[in-house]
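In my numbering, the protein residues as written are -17 to 67. Virtual Cβ for every residue (Gly too), placed ideally from N, Cα, C. Since we're looking at a predicted model, the values are computed, not measured. Below you'll find the structure, written out as structure tokens, and then a few comments.
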């Protein structure tokens, strides 16, 4: 588990691959919307696409606002309330 991004609005934790857990077979990401007090865990193909998109984003040296805007595109998928963080 590795905290890869943290702003006032969002945090992103990367989970490395774990062959013993099917959900983490290829790794995954937890994206937390701090203001909305909700989160999503993405794995599999969605996580691979997220990783690709993040790599493209950081190649352009974005501002924190641009990163938060990118992460905001996942808001509609976030349905899990944050209870403890």
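1. Using the rule of at least 16 other Cβ atoms within 10 Å of the residue's Cβ for burial, across every protein chain shown, is residue 15 buried or exposed?
2. Taking the straight line between their C-alpha atoms, what separation do you get for residue 17 and residue 11?
3. Mark residue 36 as exposed unless 16 or more other C-beta atoms lie within 10 angstroms of its C-beta, in which case mark it buried.
4. Cβ of residue 39 within 8 Å of Cβ of residue 52?
5. Does the Cβ of residue -14 have 16 or more other Cβ atoms within 10 Å, making it buried, or fewer, making it exposed?
6. By Cβ distance, which residues of its chain are closer than 7 Å to residue 63, with the 5 residues on each side in sequence left out?
7. Relative to the C-alpha of residue 55, which residue among 32, 41 and 43 is closest?
In short, the structure shows the following:
1. As a working note, residue 15 is residue 33 in the chain shown. Per the 10 Å Cβ criterion, buried.
2. Here residue 17 is taken as the residue at index 35 of the chain shown, counted from 1. Here residue 11 is taken as the residue at index 29 of the chain shown, counted from 1. Straight-line Cα distance between these residues: approximately 19 Å.
3. Translated into positions along the chain shown, residue 36 becomes position 54. Burial state of residue 36 is buried, judged by a 10 Å Cβ sphere holding 16 or more other Cβ atoms.
4. The residue you call residue 39 lines up with position 57 of the chain shown. The residue you call residue 52 lines up with position 70 of the chain shown. Yes, these two residues count as a Cβ contact at 8 Å.
5. The residue you call residue -14 lines up with position 4 of the chain shown. Per the 10 Å Cβ criterion, exposed.
6. The sequence position of residue 63 within the chain shown is 81, counting from 1. Beyond the five residues adjoining it in sequence on each side, residue 63 comes within less than 7 Å, by CB distance, of 19 and 20 in the same chain, given in chain order.
7. The count along the chain shown starts at 1 and reaches residue 55 at position 73. The closest CA to that of residue 55, considering only 32, 41 and 43, is found on 32.
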